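Below is one structure, written out as structure tokens, with a few remarks after it.
Number of protein chains: 2
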Amino acid sequence: MTLRHPERAQISVEGVLSALGNPTRLAAVRILDGGGEHNCASVLKMLGIAAKSTMTHHWRVLRDSGVIWQRPSGREYMLTLRREDLDARYPGLLDAILAGARADSAS
Amino acid sequence: MTLRHPERAQISVEGVLSALGNPTRLAAVRILDGGGEHNCASVLKMLGIAAKSTMTHHWRVLRDSGVIWQRPSGREYMLTLRREDLDARYPGLLDAILAGARADSAS
């Protein structure tokens, strides 16, 4: 089953901010910012989250807002940050957010 | 009565994103970005919102997240965008968000 994703033009800045205005989702996106595809299980592990169900809602929020691609692969999902789309639509936004998250973590 | 505001160091990027990930609050901040103090009534008028009560919650979210100063003045409140604090803590973030909001409005 292919999951629905908004096209680049359908992304809204409110949607992106709302999706990233949550510590768990922001932490997940920081992991995905490393580049490439990640499977859900490995991101959960890095986040220290044991309950897979906790993240199902978060992945959907990130996907629906256009922040990530979520692709079924066998019994699990592969995740990719939509950096190209986000950078094209909102230049500097993702970098400013990620820099802010790093600054908060460091303080 | 003086309202409670977070100090600059208490502001978090999640809090700011969550506060601005809402169309009404984002529109209000775009108005405040013009600079200076605005009274609540004039912002409501510019937003086309008749019910003052609708905004009470929104002002609190913006204040609690460190996005605005809200100062009592007689029977109403004066609002100011905390641009200096936000720019100091998260360089480029507010500008990227406001540019994104303008781009969304234009499309």
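One line per chain: the protein sequences are A and B, in this order.
Going letter by letter, the first sequence gives residues 1 to 107 in the working numbering.
Going letter by letter, the second sequence gives residues 108 to 214 in the working numbering.
We put the beta carbon where it would ideally sit given N, CA and C, even for glycine.
Treat the numbers as computed from the prediction; the structure is a model and nothing was measured.
Give me the chain B residues within the contact set of V13/A, using Cβ-Cβ distance strictly less than 7 angstroms, ordered along the chain.
As a first step, residue 13/A is located in the first sequence; it is residue number 13 there, counting from the start. Within chain B, the C-beta atoms nearer than 7 angstroms to that of V13/A come from I204, G207, A208 and D211, in chain order.
Residue ranges of each alpha helix (DSSP H) run of no fewer than 4 residues wholly in the segment 12-59 of chain A, ordered along the chain?
Those alpha helix (DSSP H) runs which fall completely within the segment 12-59 of chain A and span 4+ residues are 13-20, 23-32 and 40-47.
Cα-Cα separation between A68/A and R111/B, rounded to whole angstroms
On the first sequence, residue 68/A is found 68 positions in, with the first residue counted as 1. On the second sequence, residue 111/B is found 4 positions in, with the first residue counted as 1. It should be pointed out that residue 68/A corresponds to Ile in this sequence rather than to Ala. In this structure, the straight-line span from the alpha carbon of I68/A to that of R111/B is close to 36 angstroms.
Is the number of C-beta pairs between the segment 193-209 of chain B and the segment 86-98 of chain A that are closer than 8 angstroms three or more?
Short answer: they touch.
Take the Cβ of A101/A as the centre, count every other Cβ of all protein chains shown within 10 Å, and call the residue buried at 16 or more, exposed below.
Indexing the first sequence from 1 puts residue 101/A at position 101. A101/A is buried by the Cβ-count criterion.
Count the other CB atoms within 10 Å of the CB of S73/A; is the residue buried (16 or more) or exposed (fewer)?
What you label residue 73/A is simply residue 73 of the first sequence in a count that begins at 1. Classification for S73/A: exposed.
Assuming P23/A contacts D64/A (C-beta within less than 8 angstroms), just tell me the rounded distance between them.
Along the first sequence, one-based indexing puts residue 23/A at 23. Along the first sequence, one-based indexing puts residue 64/A at 64. No, P23/A and D64/A are not in contact; Cβ-Cβ is about 19 angstroms, not under 8 angstroms.
Using a Cβ-Cβ cut-off of 7 angstroms, state whether L124/B counts as contacting chain A.
Your numbering for residue 124/B matches position 17 in the second sequence. With 7 angstroms as the cut-off, L124/B counts as an interface residue toward chain A.
List the DSSP bridge partners of L188/B.
Start at 1 with the first residue of the second sequence, and residue 188/B comes out as number 81. Paired residue(s): I175/B.
Can you give the Cα-Cα distance for C117/A and G128/B, rounded to whole angstroms?
The structure shown does not extend to residue 117/A, since chain A spans only 1 to 107, so no value can be given for it.
CA-to-CA distance, R25/A to R132/B, given in whole angstroms
By one-based count along the second sequence, residue 132/B stands at place 25. By one-based count along the first sequence, residue 25/A stands at place 25. Distance between the alpha carbons of R132/B and R25/A: 21 angstroms.
Environment of H145/B [buried if 16+ CB atoms lie within 10 Å]
Residue mapping note: residue 145/B aligns to position 38 of the second sequence, counting from 1. Buried.
Within the continuous alpha helix (DSSP H) that includes A203/B, where are the two ends?
Position 96 of the second sequence, counted from the first residue, corresponds to residue 203/B. Looking at the DSSP string, the run of the alpha helix (DSSP H) that includes A203/B is L200 to A213.
Cβ of P23/A less than 7 angstroms from any chain B Cβ?
Residue numbering aside, residue 23/A sits at position 23 when the first sequence is read from its first letter. Closer than 7 angstroms: yes.
Got a sec: is the Cβ-Cβ distance from L20/A to anything in chain B below 7 angstroms?
Residue numbering aside, residue 20/A sits at position 20 when the first sequence is read from its first letter. So yes, L20/A belongs to the interface.
Determine the direct distance from the alpha carbon of R115/B to that of A78/B, and round the result to whole angstroms.
Outside the shown range of chain B (108 to 214) lies residue 78/B, about which nothing can therefore be said.
Have a look at V61/A and I31/A and give me their C-alpha separation to the nearest angstrom.
For the purposes of this step, residue 61/A is taken as the residue at position 61 of the first sequence. For the purposes of this step, residue 31/A is taken as the residue at position 31 of the first sequence. The alpha-carbon atoms of V61/A and I31/A are separated by roughly 16 angstroms.
Just mark D18/A as buried or exposed, buried being the case when its beta carbon has 16 or more other beta carbons within 10 Å.
Taking the first residue of the first sequence as 1, we reach residue 18/A at position 18. According to the sequence provided, residue 18/A is Ser. The question's Asp does not apply to it. Result: buried.
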